[in-house]
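Colleague:
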Amino acid sequence: MEKKEIELSPIEATAYFWVNTIKYKVREIVICGTGDKNEAKFAEIFYGYTERNWRKVYLELIKYISKDVDHYIPKNHLDSFSQDTDINGHERLNDELSKITSQKIPDIRLVSNGGKDSVIYTTPSFVNIWHKSCGTTKLSTKYKPSYILTGDHKGLDFYNLLLSTIAVLKKENCNFKSVSILRKRFCKEYMKLSNSDENIDDITELFNSSFDKASFRGIIFGRSINEKYSSYFREIDFVELNDYMDLAHHYASVILQKGKDSNENSFCKTLKKNATVTKR
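Numbering follows this note's numbering, with no gaps: position 32 of the sequence shown is 158.
Have a look at this one:
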């Protein structure tokens, strides 16, 4: 059964907005390049951040933004604490990120190239976003579960292991594109090696949601309902995946049915008690 959306407070939603905005901006700078020294430094600071690092940033930002909102003195009844994505518009955010990272955060536009700037207005009871190009709307406070919001290590490990396996499959057999075979053999092997008490239907659902998440993020081309898929990994994607690669090679071998009768049994015995690699 699909997990319900998570309802965030206005302050939590604001923190989540900024974390995602920063993540996407870093990715854009790394992939597209930049001639701006401040942008290059900004990307360098956050380049090695994994989802576990981003969750820590999210939790710390909640504390800081809560204090900002509580201590803000409105100039009129419509006024509220705000931060702008444009340069010189988010000094408080930069200062707080500097404290969180222990590094001086350069001031850059926190919006995609060619995008329009926005202003986030936050109070204890609501959070609005002014899109400078098209007016003001409420910022969503409902989101699908993610590691940053929940701290769900199992879901994160599953997702990273699946992506790592897909990366290895692409390297070892670029013609492998079957979603159904990938799902069947990956889930079956996961059940074999893990200590999970979930049934195959639960694991299959986790596979589908993880696969579709990777599709949404532009790493996978295709959805879990399709028969075929393709993938495109960039260097920055492997920051999150490096710790999973040894196990991913085993999964890829099983999926491609390599050495089924020779090395698989001994490898399975070694891994059975520890199905995923988790950095705490």
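We treat Cβ as the ideally placed atom computed from N, Cα and C, and that holds for glycine. As the structure is a prediction and not an experimental result, all values here were calculated from the model.
Please report the straight-line C-alpha distance between L332 and H197, rounded to a whole angstrom.
Modeller: When rounded, the distance between both Cα atoms is 42 Å.
Colleague: Who are S379's beta bridge partners in DSSP?
Modeller: BP columns for S379 are empty, so no partner.
Colleague: Which term fits F252, buried or exposed, when burial requires 16 or more other beta carbons within 10 angstroms of its beta carbon?
Modeller: Its Cβ having fewer than 16 others within 10 Å, F252 is exposed.
Colleague: Report the CB separation of R218 from D194 in whole angstroms; it is logged as a contact under 8 Å.
Modeller: The Cβ separation is near 6 Å, so the contact holds.
Colleague: Can T407 and P136 be called in contact, C-beta distance under 8 Å?
Modeller: This structure cannot speak to residue 407, because the chain is shown only from 127 to 406.
Colleague: With distances taken from CA atoms, which of K189, K201, K149 is nearest G174?
Modeller: With distances taken between Cα atoms, G174 lies closest to K149.
Colleague: What residue range is occupied by the uninterrupted beta strand (DSSP E) comprising I246?
Modeller: Residues 244–248.
Colleague: On the DSSP letters alone, give me the boundaries of the alpha helix (DSSP H) that I188 sits inside.
Modeller: Here the alpha helix (DSSP H) through I188 covers 177–197.
Colleague: CB-CB under 7 Å to I326, same chain, minus the five flanking residues each way: which ones, in chain order?
Modeller: Correct list, in chain order: C313, M317.
Colleague: By the three-class DSSP mapping on this structure, what secondary structure does D328 have?
Modeller: D328 falls in the helix class under three-state DSSP.
Colleague: Taking Cβ positions, are V305 and S357 nearer each other than 8 Å?
Modeller: No, the pair does not count as a contact, with Cβ atoms beyond the cut-off.
Colleague: Give the single residue among T330, K225, Y355, D328 whose Cα lies nearest to the Cα of S341.
Modeller: Of the candidates T330, K225, Y355, D328, the one whose C-alpha sits nearest the C-alpha of S341 is Y355.
Colleague: So, helix, strand or coil for K130, using DSSP?
Modeller: Three-state DSSP puts K130 in coil, outside helix and strand.
Colleague: Tell me, to the nearest whole angstrom, how far the beta carbon of I362 is from that of R153; I am working on the premise that it is less than 8 Å.
Modeller: Confirmed, about 6 Å.
Colleague: Given this structure, state the Cα-to-Cα distance separating N146 from L308, to the nearest angstrom.
Modeller: In a straight line, the C-alpha of N146 is about 29 Å away from that of L308.
Colleague: DSSP three-state call for G281: helix, strand or coil?
Modeller: Residue state, collapsed to three classes: helix.
Colleague: Which partner residues does Y269 have in the DSSP bridge list?
Modeller: I132, per the DSSP bridge assignment.
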